[in-house]
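First comes the structure, then the notes that go with it.
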Amino acid sequence: MRLLYSLLLIFLLPAYGLARIFSKQARLFAKTRSEGKHVIHKALLYDGPLFWLHGSSAGELDQALAIAREIRRRKIEGKILITVFSLSVKRLPAADADFTAYLPIDFPWAWRMIQNRKTALTFITFTWDVYPNLLRRIRKAGGSAYLCSAALPENSWRIKHSRWLRPVYADFNGIGAVDEANRTRFLQLLPDESRVAVTGDTRYDTIFYKLEHAPLAAEDALRLTSAQPLLILASTYEACDERLLPHTKQWLDNHPDLDLWIFPHHVDEHRLAECERSLKRLQIDFKRYSERPARVVLVDRLGLLARAYEKARYCYVGGAFHHRVHNTAEPAALGVPVLTGPQIETSPIALQLESEGTLFRRDSGAEIFATLDDLEKDEKRRLLISQKSRRYMLSQRGASEVFLDAFRVGQ
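So, in structure tokens, the structure goes:
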């Protein structure tokens, strides 16, 4: 398996080189990988225990940050390196680590720098991300590797082809699954009861940390205070616009006591302009957040969403109409009923919220707004959903402590 994986990466290398010639995004990717290699090399030169936490994208980064904060809280000796892979992570979390970088491609020759390391190296990756060549190099160098907040969809191809993947997962010293169902799945990949445990999802810890510590400028606090209760459309894509916005104008007319704030998943000029065109075509009056206040606001700023949830009555979370759902946990932690598209199977949090009756998965925009109408007609039901959501989310705190204790990381 590892050989086939490495050969595939080498086979794709010429295409990667061509992409860098013609694509600005590919050049940015290559630049961040080159810079990342130097940062990682510098971190590996540190002559003391090194905790290397890798979160592939924004959700996994939240999981990694929770572990980093728990390591700091315990005053464990050593330094922390945090890496990410996806360019969707725009800002590296420099305040939470000693070193931060974008992870290079997992070529078989990429990790020779590890072989000379003499002191303890602990590598922790999250959810389902594995890097076969990196894992093997860490184990050969005498380091430890763990998979934290481990979760797989029930129909994952990894389970179907587990026989081929077991040699890769055998390089993990331990796997901390989010729940018992996922522990059972990962035992098919690493059939060793002593190395697979239920430790929970560390993302919950970061969610509460963000909600409790998110800074808010005085001007932003005033805007939120003066706004009516909000319907928030969070992490939206064009697929969300196509399904939701045609129903928005009539729904707002029917519910004059609610405002609408739209938070695109990518806050760049291309995505903002795309959303603006849809709003104008549907004759929906709106303003950007950076302009004057309005009833319909297109948010063109980062860092506001977590605090805006405090003002929300309902929240739609995007991604599930075309790929996979994004972060449903933040609004749920504040007791906000959550609505999504159909594709939530890759998110254990979303599935659990659905089973608790606090998340509503729907197949169309019309169904989403019909559900909102039903909730608006029954305030008692809405308040019960809010209370249940808060209770469940609070019950999930503490996974970072459980994981470090279960595998004696840093001890």
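Those letters in the sequence shown? Residues 1 to 411, per full-length UniProt numbering, in order. Even for Gly, the Cβ is constructed at its ideal location relative to N, Cα and C. Note that this is a predicted model, so its numbers are computed, not measured.
TYR209 and ALA333 have their alpha carbons spaced roughly 11 Å apart. PHE85 places its beta carbon less than 7 Å from that of SER56.
For GLY174, the uninterrupted beta strand (DSSP E) segment begins and ends at 174-177. Annotation for ILE124: PHE51, TRP52, LEU53, HIS54, ALA64, ILE67, ALA145, TYR146, LEU147, CYS148, VAL409 place their beta carbon closer than 8 Å to its own, counting only its chain and skipping 5 residues before and after. Within its own chain, the residues whose Cβ lies closer than 7 Å to the Cβ of VAL178, once the five positions on either side in sequence are excluded, are SER149, ALA150, ALA151, GLY200, ASP201, PRO348, listed in chain order. Nearest C-alpha to GLY365 among GLY318, ARG391, ILE385: GLY318.
If only complete runs of 3 or more residues are kept, the region 44-125 shows the beta strand (DSSP E) at 50-55, 79-84, 99-102, in order along the chain. A straight line joining the alpha-carbon of MET113 with that of LEU13 spans about 21 Å. Per the coordinates, the alpha-carbon of SER386 lies some 26 Å from the alpha-carbon of GLU60. Non-local C-beta neighbours of ARG195 in its own chain, meaning closer than 6 Å and more than five positions away in sequence, comprise GLY174, ordered along the chain. DSSP, reduced to helix, strand and coil, places LEU190 outside both helices and strands of the structure shown, so it counts as coil. Residue pairing by DSSP places TRP261 opposite ILE232, VAL297 in a beta bridge.
Counting along the chain, the unbroken beta strand (DSSP E) around PHE360 starts and ends at 359-361. For ILE21 against LEU81, the beta-carbon gap comes to about 31 Å, at or over 8 Å, which does not count as contact. Under the three-state reduction of DSSP, ARG33 is assigned to helix. Excluding sequence positions up to five before and after GLU180, its CB lies within less than 6 Å of the CB of VAL198, all in the same chain and listed in chain order. Following the DSSP letters along the chain, one finds THR340 in no alpha helix (DSSP H) but inside the beta strand (DSSP E) bounded by residues 338-340. Taking 7 Å as the cut-off, the Cβ atoms of TYR289 and VAL296 do not count as close. Assigned with DSSP and collapsed to three states, ARG324 falls in coil, not helix or strand. Counting along the chain, no beta strand (DSSP E) covers LEU244; the unbroken alpha helix (DSSP H) around it starts and ends at 238-254.
Within the same chain, ASP62, LEU65, ALA66 come within 6 Å of THR206 by CB-CB distance, once the 5 residues on both sides are set aside.
Measuring C-alpha to C-alpha distances from LEU187 to each of CYS315, GLU212, HIS213, ARG158 identifies ARG158 as the nearest. Check the Cα spacing between ARG381 and each of THR340, LEU304, VAL336, GLU367: the tightest is with VAL336. Comparing C-alpha distances from TYR102 to each of LYS287, LEU211, LYS37, PHE286 shows the shortest one belongs to LYS37. Taking a C-beta distance under 7 Å as the contact criterion, LEU359 and ALA350 qualify as a contact pair. The region 355-402 is shown to contain whole beta strand (DSSP E) runs of 3 or more residues at 359-361, in chain order.
By the Cβ neighbour-count rule, ARG313 is buried, with 16 or more other Cβ atoms within 10 Å of its own. Per DSSP, the beta bridge partners of SER144 are THR122. Apart from the 5 residues on each side of it in sequence, LEU9 sits with its Cβ closer than 8 Å to the Cβ of ILE105, ASP106, PHE107, PRO108 in its chain, given in chain order. For TYR204, the number of other beta carbons within 10 angstroms of its own is at least 16, and it is reported as buried.
In its chain, beyond the 5 residues on either side, ALA19, ARG20 have a beta carbon closer than 7 Å to the beta carbon of ALA26. Cβ-Cβ separation between ILE368 and ALA308: approximately 19 Å, too far for a contact (criterion under 8 Å).
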